[in-house]
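Letter by letter, the sequence shown follows residues 905 to 1368 of the numbering used here.
Where a beta carbon is used, it is the ideal one built from N, C-alpha and C, also for glycine.
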Amino acid sequence: MGRPASLGAPLGRLCRRALPFVLVTSALVLVRVSSAAAHADYPRSLQLLFDSSDPNRILVRTSFGLVLTSDGGESWQWFCYEALDFSHDDLIRPVAGILGDGDLFLAGATGLWTGTPNGCDWEKPEETLSDIYVPSAVVDSTEGSRAYVVTSSAKGPNHVARTSDSGKTWSQAGESFGQALLEEIAVAPSDSNRVYVVSRTFDLEGTDPPTVTFHRSEDGGDTWEGESLGFTQVDRTLSILGVHPKDPDLVIVAERDSITHVIKKAQRTEDGGKTWTNLPALVDIQTEAATYSQDGESFWVGGISDSGLHLSTDDGDSFKVVHPTIEVACLHHDGKELWICTDVFTDGYVIGRSSDGGKTVEPVMTFQDIDGLISCGADSVVERACGTMLVPINLGGGGDASLPGIEPLDAGTGPMEPKPASSLCAVTRAPGGRGGHSYVGLGVLLVVSLLWRGRYLSTISRSQ
């Protein structure tokens, strides 16, 4: 049946206006009916990690699981979040890391997991990091056997945990932070003993807004000093956008809208957090990722929703748009090239790299390159959890597809339409009913999203 001509334009306008809230609420309204039922999720690459001990090993964290190559990208294998008690439709995504000996870790709403290099065997290495929210993790770039994670539980107390043996053992680093919610941690590339954490503390009586604190350690986390950055709003999240690779005292932090990820406030310190300078050039940029070049001469930020890729050569005082249309979900500079997580529907690939600072980007990977599940044996937790899942996602690249061995909802026929204006709505605009979505379904999703937006903003207003 053809698409009603009168419906497309109004829904297109509504979709563009409601897109930020649809992205958040889609995970809430897409319901898993059974282990063999259809899962629906927007396929996106979110994090890119390189193994410091083996340049051929690359890990891509996606919206539907982890994708790993051990041969420099010739072949890619996948496993699902459900193998570790996470879910691909969780509202809060886990974060991943590769340790110095090649072991992996994954941290998020169900705590910290460590795994073998092949991704087959996983365990929870530390009881205090089990079943607690771990929002941020970082591997020391100069000493790969050392890594840090932070906890963020409303029950508290929260703390920084550290490993110095590639994840085999973890212990608390320094004193606890009490009821402060730790949001992000970073290690200075030029000084592995310099560690930074940003946190928010909420007034339990609800009379004052949350306070922001910037914490600094100069001894690898054994002791901490805190500097107050004043008040913030309950609907914001904190990010350490970058630590200068040559100057451990220079740090850029930002407060972002928790739904849209638009920067509302950005600051830079050049003395390790004692004094701060506002960075108005960063305000209003929708930001999903940021990174410095290894020489410290360039600093990039980028986002989705038509944000593009922005470049600063003065540590955030000013920015210019170097690529206006690319969708950016992660950034990494390896000393020669800038690597970018992109969008399969709007950009045509999910990992790209640039040798000219982001002006032009060479496609490196699409989801069509995934060969299948990692080979772990029939009795492995990966095979049991992921082998029978249906994850019907349009992988782009010329047609509907799914991960090998995973049945799509409706394969359809013919190529995808050209680059759409809105990546989320692209799933509904593919011809032949592909992706299993309809305009009626999208309409319901948009209505739920807008109603949720109203409830959310009303709650925020009452809490302030």
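What span of residues does the beta strand (DSSP E) with residue i cover, start to end?
| i | result |
| --- | --- |
| T1115 | 1115-1121 |
| Q1171 | 1167-1173 |
| G1146 | 1140-1147 |
| W1371 | In this structure the chain extends from 905 to 1368, so residue 1371 is not present and cannot be described. |
| I962 | 962-966 |
| D1199 | Segment: none, D1199 is in no beta strand (DSSP E) and carries neither H nor E. |
| C1245 | 1242-1245 |
| S1216 | 1212-1216 |
| V1226 | 1224-1227 |
Quick one: grab the DSSP three-state call for residue i.
| i | result |
| --- | --- |
| R888 | Outside the shown range of the chain, which is 905 to 1368, sits residue 888, and nothing can be said about it. |
| F954 | strand |
| A1289 | helix |
| T973 | strand |
| L1371 | With the chain covering only 905 through 1368, there is no way to say anything about residue 1371. |
| E1192 | coil |
| T1077 | In the sequence as displayed, the identity of residue 1077 is Ala instead of Thr. Note: A1077 maps to coil in three-state DSSP. |
| G1071 | coil |
| A1185 | helix |
| L1033 | helix |
| A1315 | Unreliable placement is indicated for A1315, whose pLDDT of 32 sits below 50; the coordinate value is still reported in the next sentence. A1315: coil per DSSP, three-state reduction. |
| R948 | coil |
| D1095 | strand |
| G1207 | strand |
| G1220 | coil |
| G899 | Residue numbering for the chain in the displayed model covers 905 to 1368; residue 899 lies beyond these limits and cannot be assessed. |
| G1082 | coil |
| G1239 | coil |
| G1060 | coil |
| P959 | coil |
Comparing alpha-carbon positions, which option in the options lies nearest residue i?
| i | options | result |
| --- | --- | --- |
| P959 | V1099, A1092, G977, C984 | G977 |
| R948 | E1192, E1241, S1279, G1004 | E1192 |
| W1243 | G1252, G1256, F1249 | G1256 |
| K1263 | S1096, H1214, V1043 | H1214 |
| L950 | E1087, Y1253, T1246, V1053 | T1246 |
| H1165 | H1148, G1015, I1189 | I1189 |
| W1204 | S1211, D1210, T1195, Y1100 | T1195 |
| T1117 | S1096, I996, F1081 | F1081 |
| D1219 | E1131, W1017, G1212, H1148 | H1148 |
| S1259 | E1129, T1173, E1241 | E1241 |
| M1269 | P1029, V971, S1162, S957 | V971 |
| G883 | V1286, D1112, H1237, F983 | Nothing about residue 883 can be reported from this structure: the residues present for the chain run from 905 to 1368 only. |
| I1163 | E1122, I1144, S1209 | S1209 |
| D1275 | T966, F983, L952 | F983 |
| G1006 | A1013, D989, R1050 | R1050 |
| V1265 | F1271, G1291, H1227 | H1227 |
| L1133 | A1158, G1110, S1057, D1123 | A1158 |
| Q1198 | T1046, P1114, V1054 | T1046 |
| V1038 | A1090, L953, T1014, G1023 | T1014 |
| T1229 | R1066, G1125, G1207, V1285 | G1207 |
| T980 | G1001, A1011, N1022, A1170 | According to the sequence displayed, residue 980 carries Trp and not Thr. That would be N1022, whose Cα lies nearest to the Cα of W980. |
| D1069 | L1108, V1043, E986, A1185 | V1043 |
DSSP has residue i in a bridge; who is on the other side?
| i | result |
| --- | --- |
| E1088 | V1102 |
| E1129 | R1120 |
| E1160 | Glu is not the amino acid found at residue 1160; the sequence shown has Arg there. Beta-bridge pairing links R1160 to T1141, I1167. |
| C1234 | C1245 |
| S1040 | V1054 |
| G1176 | Per DSSP, none; premise fails for G1176. |
| G1134 | V1116 |
With respect to 7 angstroms, is the separation between the Cβ of residue i and the closest non-hydrogen atom of the ligand SAH below this value?
| i | result |
| --- | --- |
| Y1100 | Within the structure as shown, the ligand SAH is missing, as the structure has no ligands at all. |
(message) Threshold first: 3 residues or longer. Then list the beta strand (DSSP E) segments lying entirely within the segment 1247-1284, N to C.
(response) 1255-1258, 1266-1269, 1274-1277
(request) Any chance you could list the beta strand (DSSP E) runs of at least 3 consecutive residues sitting entirely within the segment 977-1010, in chain order? (result) 980-983, 999-1002
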